[in-house]
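Numbered per my numbering, the sequence shown spans residues 16 to 272. Just so it is clear, CB atoms sit at the ideal spot from N, CA and C, and this is done for glycine as well. Bear in mind that the values here come from a model prediction, so they are computed numbers and not experimental data.
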Amino acid sequence: MRKIQILCLLFLAVAMGQACQNGAPKEAEKAKTPAFTSTPYWVSSTFVDALEADSDSLATAQCHELEFIGQDSVIYIYGGWEAAPGTFTVVDDKTIEISGEMFGDATLRITQVSDQEIVMDLGTDREVHFRPVENHEHDPRGAAVLLVGQHLAGTYTRENPFGRTNAKQPITLNADGTIKGFEAYQTYEVPIGGDLADAGSGNNMIYFSSAKQEMFPLAWSKRGDTLDLWTLERVTGVDEKPYYEAGRMYDRLIRKK
């Protein structure tokens, strides 16, 4: 009889344990990290569109970049030079939120629309759409600056409207910002944001530099394979903030097919 009582108590204990286990709330499953975070480089669609359309004013396209650099780390870049590192938390399998010291109390929410598009919610009905871009060499200048370099890259001949003696010498612009055959200059830079990006009246700017760090700024415009370079005329006083407008044509370069 005693054995029967013990067995009954054991069965009762097991049944009660199973009931408690079934009744306990299950731990929420961790949301899956969105697939787009495995693509390192994203650039705002408006900037890519402006570049493809040969815009004369890339600065007004307001370039935004996102660079995913680790398991939960990301860098937000505005205008090619304002960089804000942050970390992201997963909201669901298509959404993350970015925060960080440089964001203050703000939180950026990024949502995947498709494999080729994500959108950043800036609040007050403002959104920025992004496209994935390639940067296989992890160019430290950033993906957007590399895109501009690829846009201008090629070997050019001078149309020579001014009778230069070196007109037959080809000029090569490389995507990495180096140049060969253009006077004594060895590198070039095309800023995409900030005061240095706008020559005035919305013109694009390009800065050529020599080994002696001498800088030669010009305005530029591009139509297909034709790259026009323009001199700059300062329209502010010597004691005022420099402000320039495009002046006369400096050169016309034709990219070889």
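Would the beta-carbon of residue i fall within 8 angstroms of that of residue j?
i, j, result
"L66", "H166", "yes"
"V143", "S53", "no"
"Y222", "E198", "no"
"S114", "T126", "no"
"F145", "L81", "yes"
Compute the Euclidean distance between the alpha carbons of residue i and residue j, then round it to the nearest angstrom.
i, j, result
"D191", "G164", "6 angstroms"
"T246", "K45", "58 angstroms"
Quick check on residue i: buried or exposed, where buried means 16 or more other Cβ atoms within 10 Å of its Cβ?
i, result
"V253", "exposed"
"L24", "Here the model assigns L24 a pLDDT of 35, short of 50, so the residue's position is not dependable and the matter cannot be decided."
"G38", "Since pLDDT at G38 reaches only 49, below the 50 mark, its modelled position is unreliable, and no value is offered."
"M135", "buried"
"I133", "buried"
"D71", "buried"
"H153", "exposed"
Using only CA atoms, which one of the options lies nearest to residue i?
i, options, result
"K47", "D69, I111, Y91", "I111"
"Q228", "D154, N218, Q201, V89", "Q201"
"L162", "V89, N189, V106", "N189"
"Y56", "T241, S236, I186, I92", "I92"
"A212", "K195, T246, T61, T75", "T75"
"D266", "F51, K237, F177, S224", "F177"
"A158", "G95, D107, D136", "G95"
"Q77", "M117, G209, F231", "G209"
"D87", "A98, V105, P257", "V105"
"K109", "G119, M117, N181, V128", "V128"
Between residue i and the rest of its own chain, which residues show a CB-CB distance below 6 angstroms, the 5 nearest in sequence each way excluded?
i, result
"G169", "R270"
"L73", "A65, I207, N219"
"K237", "D69"
"T193", "T202"
"W235", "N219, I221, L244"
Give me, in chain order, the residues of the same chain whose beta-carbon lies closer than 8 angstroms to that of residue i; leave out the 5 immediate sequence neighbours on both sides.
i, result
"Y171", "P185, I186, T187, L188, L242, L268, I269, R270, K271"
"R263", "W245, T246"
So, for residue i: in the same chain, excluding its five sequence neighbours on each side, which residues have a beta-carbon less than 7 angstroms away from its beta-carbon?
i, result
"E42", "Model confidence at E42 stands at a pLDDT of 46, short of 50, so the residue's coordinates are unreliable and nothing is read from them."
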